[in-house]
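Chemist: Per my numbering, the very first residue in the sequence shown carries number 3; after that it's consecutive.
The C-beta atom is built at its ideal place from N, Cα and C for all residues, glycine as well.
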Amino acid sequence: MDEEQMWKGFFFKLQEMKMNPPTEHEHQLQDGDDGFFEKFGSLLRQKSQIDECVLKSSLAPFEENGSAETEESDETPDGTLQCSQDPECISIDTFATESTLASTSENDISTAVLDSAPVMNVTDLYEEILFEIFNNIGCENNEECTNGLIEFVQDAFKIPNATHVEICEAARLKEPPNVRLNVEIIKAENLMSKDSNGLSDPFVTLYLESNGSHRYNSSVKPATLNPIWEEHFSLPITDNARDEVLIVEVWDFDAAETVKEKVNKILDVKGVKGLSKLMKEIAVTASSGKHDNELIGRAAITLKSIPVSGLTVWYNLEKGSKGRSRGSLLVNLALSAEKNKSVAVQEHKNLLKLLLMYELETSQVANYWWSGKFSPNAELIRSQHAAQSGLSPFECALSQWHAYSTIHETHKLNFTLFNSILDVVVPVISYMQNDSEDVKTFWDGVRRLLPSCFAVLRKLRSKNTSDKNIVRALNEVLDILKKIKELEVPESVDIFPKSVYGWIHTNDTDETCNIDTAIVDAINTGTKEWLEHIVEGSRQSKNTETDDEKLQYIIKLIQMVRADLQRAMEYFDKIFYHKIQINYSAILYLFYDSKLAEICKSIIIEVCNNIKRLDVPDDQFLYLPNLENVNMGTTLFEVYLILKRYVQLGESLCSESLELSNFYPWFERGVTHWLDISIIKALSRIQKAIDLDQLKAVDETVKYSSSAVDTLSIFYQIKIFWQQLDWPEVEGSYIFVAKIVNDLCRCCVFYAQQMSRRVENIFLADDNNKNFTLSEEWCIAINNMDYIRQTLPSFIKELSIDDIIKKLGEYRTNLEAERCASTIKTVIENALDTERNQIVELIEIVARKMAPPIKRYLAEGAEVLAKDSNSMDQLMMYLEASLTTLYDTLNEINFQRILDGIWSELSIIMYDLIQSNLDKRRPPAFFQNLNNTLQTMMDCFKMGNIQTSDVKILSSIQSRLRLYSLETADLIHQYYLERLENQKSQESSPYGQLTVTAQLTDSGLLLTILNARNLLPMDSNGSVDSFVKASFMPTSRFNDLSTVKTNVHNKSCFPLYDQEFRINLSEQQRSEKNSLIVFSIKDKDLFGMSSQYIAESYISFGDLEATPPGEQIMMNLSRPEYTDSDSLRALEYRLGDKQAKDFLKKLKNRSFS
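#1: Could you have a look at D575 and say whether DSSP puts it in helix, strand or coil?
#2: Nearest by alpha-carbon distance to Y209: which of N192, V252, N228 and V1080 is it?
#3: What are the boundary residues of the alpha helix (DSSP H) that W2 is part of?
#4: Run the CB neighbour count on Q1114, radius 10 Å, all protein chains shown included, and call it buried at 16 or more, exposed below.
#5: By Cβ distance, which residues of its chain are closer than 7 Å to S195, with the 5 residues on each side in sequence left out?
#6: How many angstroms separate the CA atom of L1146 from the CA atom of F1056?
#7: Which residues does DSSP list as the beta-bridge partners of D1085?
#8: Taking the alpha carbon of T703 as the point to measure from, which residue in P395, A173 and T891 has its own alpha carbon closest?
#9: Going by CA-CA distance only, name the one from S373, T408 and L727 that's closest to I644.
#10: On the premise that G994 lies in contact with N1023, defined as a C-beta separation below 8 Å, what is that separation, rounded to the nearest angstrom?
#11: Nearest by alpha-carbon distance to L1058: which of T1048, D712, S236 and E478 is it?
#12: Taking the beta strand (DSSP E) that H675 belongs to, which residues open and close that run?
#13: S236 by DSSP, collapsed to three states: which one?
#14: Can you tell me whether E812 sits near the ligand NAD, meaning its C-beta is under 7 Å from at least one heavy atom of the ligand?
#15: Please report the straight-line C-alpha distance between G214 and H387, rounded to a whole angstrom.
#16: Which stretch, first to last residue, makes up the alpha helix (DSSP H) that contains A1108?
#17: So for N213, helix, strand or coil by DSSP?
#18: How many whole angstroms separate the CB atoms of P926 and L968, which I take to be in contact at a CB cut-off of 8 Å?
#19: Which residues does DSSP pair with Q988 in a beta bridge?
#20: Counting Cβ pairs, one atom from each stretch, are 3 or more of them under 8 Å apart for the stretch 585–600 and the stretch 650–668?
#21: Tell me the DSSP secondary structure of Y736 in three-state form.
#22: Can you give me the start and stop residues for the beta strand (DSSP E) that M1117 sits inside?
#23: In the DSSP assignment, what are the bridge partners of M1035?
#24: Let me make sure I understand the geometry here. Which of I790, Y1100 and T970 has the alpha-carbon closest to that of S987?
#25: Reducing DSSP to helix, strand and coil, say where T546 ends up.
#26: In the DSSP assignment, what are the bridge partners of Q1141?
#27: Please report how far the alpha carbon of L319 lies from the alpha carbon of V206, in whole angstroms.
#28: Can you tell which of R858, V441, R217 and D941 has its C-alpha closest to the C-alpha of E882?
#29: Are three or more beta carbon pairs between the stretch 898–914 and the stretch 1120–1130 nearer than 8 Å?
#30: With H, G and I counted as helix, E and B as strand and the rest as coil, what does DSSP make of H413?
#31: Expressed to the nearest angstrom, what Euclidean distance is found between the alpha-carbon atoms of S1092 and M939?
#32: With DSSP run on the structure shown, which of helix, strand or coil describes R1136?
#33: Of the choices I607, R1072 and P1019, whose alpha-carbon is the least far from that of I1096?
#34: Provide the residue(s) that pair with A190 in DSSP beta bridges, ordered along the chain.
#35: Under 7 Å Cβ to Cβ from T1037, same chain only, skipping five residues before and after it: list those, please.
#36: Taking 7 Å as the limit between beta carbons, can you name the residues of its chain near G672, skipping five residues before and five after?
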């Protein structure tokens, strides 16, 4: 990461902070812990993202800015790289220490450059070159050119004038060389057809105009107008080559055929013209028997137009003066002289060395720049020697390979030069015997070239070179290595001597080194040197380093390594894989892996061991430790995150196991310490958030205040920290996440407790007020607690607990995973229950505070004498104000909860009022008023779709109030109604059954008492003297009616009464469905003094209406029991009422009889 990118990252961070500055409230909240959670949560993530962005390498193979200008100055129109005039450019040496070629004197030039040969020295070579200049072949030959070449050669060979004159004279006196014309007939196109089938059977005849009798013929290509020959011919030239003319003729071959054979071709004829030709051929064959070939066309080529390097050109074929097209012929032409090949090759090698040394000396070109382009004079001399020596392209290329590789050892040449030479040499070398001289020459050049190739791989990180040249040179070097490694190295050749390649690790073992292993070793060696450089340059003195500085050192080190890998992936990987199928960045990563693991492990473990353990508060939260002097920098976790990303990069690059993959155990103590600090600081921040909370909704759309938001923001930062941590080991991950879950639950419980205390303390001063006034603060506090509670499960789910449990089941067993899941679930449920209880407790406090005024208003409103009292209105106003505040401020769930709480408190008030006023013998009207008030309150409690859920309490209170508001006669009637329900529930009776018929008529009641069965014997003889007495209830409704009774039936437990009674009833009496007929069966005493009670039964007017006319009604007989009945309790409270007193006395006698 360079300085510019670093400051750019900081600039963007500052701009973002300016766009979203912390609020004053956030400043106050974060001051206490110095933004602990933000540092480890969102800010740490943000910093990691910024670091990730700036970890892009600055290397770009072709920069957009100024690229055109660079290429313009570095490259000539012919594609040859040239050195610019900038002095700095001259001193550039990309991959090795620059070495200039010292000027060589005439005396030592032979030993410095020329290969050892029995008859070869500088003078001999100089004389040969002068001889070739004097006998120059090719169109370039002229006197002015010759003089310039002679001067150039004298300078290049450093020959004194006196010696030069002698050698010139000797060269002039030598006989001219024997020149040959080398011709390649390549192909022809669009030839004129000469046969009847529209085609021709062409062949080529060529000869020199001065020697027309000596002709050369090519092969015949049958039935084609576009033949391809690719045949070579060498013609000796006896006269002056510049005056000679080459004649090239294309003929149509006419085979010797009989008339019959020609007639058989009739089906192959093409067109009228073809038919005419066939007829003519048949006529000629029949008459004369001749079979002459036909000339298609010819071309005349003057040899003075052929340059020394030869030419390949198309020639149009002509015949006479006719302008009709006869086709064209492609021919390659070159002149050469006859010379001994071995001597010629040796001369060419030495000539190339001398010319190149002179080029480098005069041009002062920088290392790695010369790419094979000679000056015009030097190139003319080189090509003239190759032509007059008759050297093939392979022999020229092999000579260049030898000469250039030799010079390359002292002055580095451009790798493009060697790459192009290999394209010519390799295809031929691959088919040669390993012991041939050419093969030995080739591998000798390889040995000279390879060290500089591997130097490129080792010095890829060189700082004083342009990026474009790095990529270009790397491409060329890998191409060279690829072509070389495709060849088999002879056993006698050692291309990796230990004296040169000390950095190859296989030299220390018995392993065989090849190009591939050497490439890997070169990469690793360069990486090792780079790593040693940055390790030493990045670290301060070990004795004075703080823990934070040690961690910053790791961060810086990994960032630089990561930048190196990034550059490798972006710009080098594709080249290495495309060229030689090697994963360059993977090789780098594997080397870095072990080295970084060794460096990082010791530092991180040492830093974590220096961390002191903290005293974490228990679940009672009796105290919070003071952490003013205990803090934790984010540097340790920056190291964790950068290592995590670095390992992820390695896993994507390498298939091998990595040492750094197990980095996370080094941080266990640090993570544990962070979690200990976080719970303490979280509790402290929650306390501060509650203290700063104004208990007002944060905005109009929500119903909770700032402390709830602040608390959840703590949870959010912890979640971000956990997500970034992404602990890879499943058991450790479960341990940490379980602690985080437990700590979050503890924070929720702590928040509920502290918020409850806060709102209670606010209203301590209001306890002495006459009426408790419910304010929004209470509602907001309840909403806050419930909001935290509702958010907790979904928030914990975002910690990916389910995934961790699933992985734990795969790692261990499903049973253990289920136990762990159950443990976390229990922790969450316990926290939720505790919070719910805290909310309910706060709701009960609100209800208890509202109870005294409600009770006072209820008692005052129920007083019979205070008819003009406005207590009821005051009660409704109080309830309406309180419920409106609750409804507007609380959410739906909490509103329902507090309604239930208020009603539970109200039920207690009502029970107290009922009981206390019963003791005071309040009249029924009091309870009637109280019941009416309760009904009004119930209507008030129904707001929107929300109503109280405590139906049982409501029904019980209303039932009791209705009973206590009844008159005594109605209470007695109510008791008998209860007895009727009990009778209907009986399946049988020990007292027997009574059967009657009854029908309501327009005038009254038609009642027939039919019989009784299984009556309880009352006499000593086991029989009974029974009669039935019928009365109507309630007595207040039937005051004008007297009871009716049957005759006595003696000594029978199955008496048959069969007596009919017509009873007149008013319409109003008949319409009351709850009116009862009470049938009492008694035993007549022998002396007639009194009758003994047996049992009784009941039927209502409603049951009579439901019974069809004439149908018998059988009723179980029963005796009333003095049980725990609400009606009886109400009667018992009426101690001063004679009717109630008599009824209870009579009831007791009957129940005990």
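Modeler: In short:
#1: Along the sequence shown, one-based indexing puts residue 575 at 573. The answer is helix: DSSP assigns D575 an H, G or I state.
#2: Translated into positions along the sequence shown, residue 209 becomes position 207. Measuring from the Cα of Y209, the nearest candidate turns out to be V252.
#3: Only positions 3 to 1155 of the chain appear in this structure, which leaves residue 2 out of reach.
#4: In the sequence shown, residue 1114 corresponds to position 1112, counting from 1. Its Cβ having fewer than 16 others within 10 Å, Q1114 is exposed.
#5: As a working mapping, residue 195 is identified with position 193 in the sequence shown. Only L201, S202 and L227 meet the Cβ criterion.
#6: As a first step, residue 1146 must be located in the sequence shown, where it is residue number 1144. As a first step, residue 1056 must be located in the sequence shown, where it is residue number 1054. Approximately 31 Å between the Cα atoms of the pair.
#7: Position 1083 of the sequence shown, counting from 1, holds the residue named residue 1085. Its beta-bridge partners are S1028 and Q1094.
#8: Here residue 703 refers to the residue found at position 701 of the sequence shown. Minimum Cα distance to T703 is reached at T891.
#9: Here the question's residue 644 lines up with position 642 in the sequence shown. Nearest C-alpha to I644: L727.
#10: Reading the sequence shown from its first residue, position 1021 is the one you call residue 1023. Reading the sequence shown from its first residue, position 992 is the one you call residue 994. No, N1023 and G994 are not in contact; Cβ-Cβ is about 17 Å, not under 8 Å.
#11: Stepping through the sequence shown from its first residue, residue 1058 is reached at position 1056. L1058 has its Cα closest to that of T1048, out of T1048, D712, S236 and E478.
#12: For this step, residue 675 is matched to residue 673 along the sequence shown. H675 -> not in any beta strand (DSSP E); alpha helix (DSSP H) instead, spanning E670 to L694.
#13: Taking the sequence shown and counting its residues from 1, the one referred to as residue 236 is at position 234. The answer is strand: DSSP assigns S236 an E or B state.
#14: Ligands are entirely absent from the displayed structure, and the ligand NAD is therefore not among its contents.
#15: On the sequence shown, residue 214 is found 212 positions in, with the first residue counted as 1. On the sequence shown, residue 387 is found 385 positions in, with the first residue counted as 1. Rounded to the nearest angstrom, the two C-alpha atoms are 30 Å apart.
#16: As a first step, residue 1108 must be located in the sequence shown, where it is residue number 1106. Residues F1103 to A1108.
#17: Translated into positions along the sequence shown, residue 213 becomes position 211. Correct three-state label for N213: helix.
#18: Position 924 of the sequence shown, counted from the start, is the residue given in the question as residue 926. Position 966 of the sequence shown, counted from the start, is the residue given in the question as residue 968. The Cβ separation is near 6 Å, so the contact holds.
#19: Position 986 of the sequence shown, counted from the start, is the residue given in the question as residue 988. Looking at the DSSP assignment, Q988 forms no beta bridge with any residue, so it has no partner.
#20: yes
#21: What you label residue 736 is simply residue 734 of the sequence shown in a count that begins at 1. If DSSP states are grouped into helix, strand and coil, Y736 belongs with the helices.
#22: As a first step, residue 1117 is located in the sequence shown; it is residue number 1115 there, counting from the start. It spans I1115 to N1118 - the beta strand (DSSP E) in which M1117 sits, taken as one unbroken run.
#23: Counted from its first residue, the sequence shown places residue 1035 at position 1033. In DSSP, M1035 forms a bridge with L1078.
#24: Residue 987 sits at position 985 when you count from the first residue of the sequence shown. Comparing Cα-Cα distances from S987 to each of I790, Y1100 and T970, the minimum goes to Y1100.
#25: Reading the sequence shown from its first residue, position 544 is the one you call residue 546. The answer is coil: DSSP assigns T546 none of H, G, I, E or B.
#26: Position 1139 of the sequence shown, counted from the start, is the residue given in the question as residue 1141. Bridge partners of Q1141: none, in fact.
#27: Here the question's residue 319 lines up with position 317 in the sequence shown. Here the question's residue 206 lines up with position 204 in the sequence shown. When rounded, the distance between both Cα atoms is 12 Å.
#28: Within the sequence shown, the letter at position 880 stands for residue 882. The candidate whose alpha carbon is nearest that of E882 is D941.
#29: no
#30: Residue 413 sits at position 411 when you count from the first residue of the sequence shown. Residue state for H413 is assigned as coil, using DSSP reduced to three classes.
#31: Start at 1 with the first residue of the sequence shown, and residue 1092 comes out as number 1090. Start at 1 with the first residue of the sequence shown, and residue 939 comes out as number 937. One C-alpha to the other measures close to 54 Å.
#32: Here residue 1136 refers to the residue found at position 1134 when the sequence shown is read from its first residue. Here R1136 sits in coil by DSSP.
#33: One-based indexing of the sequence shown puts residue 1096 at position 1094. For the residues I607, R1072 and P1019, the minimum Cα distance to I1096 belongs to P1019.
#34: Here residue 190 corresponds to residue number 188 of the sequence shown, with the count starting at 1. L331, per the DSSP bridge assignment.
#35: Mapped onto the sequence shown, residue 1037 falls at position 1035. Excluding residues within five positions, the ones whose Cβ falls inside 7 Å are A971.
#36: Position 670 of the sequence shown, counted from the start, is the residue given in the question as residue 672. These residues qualify, in order along the chain: C610, I613 and L638.
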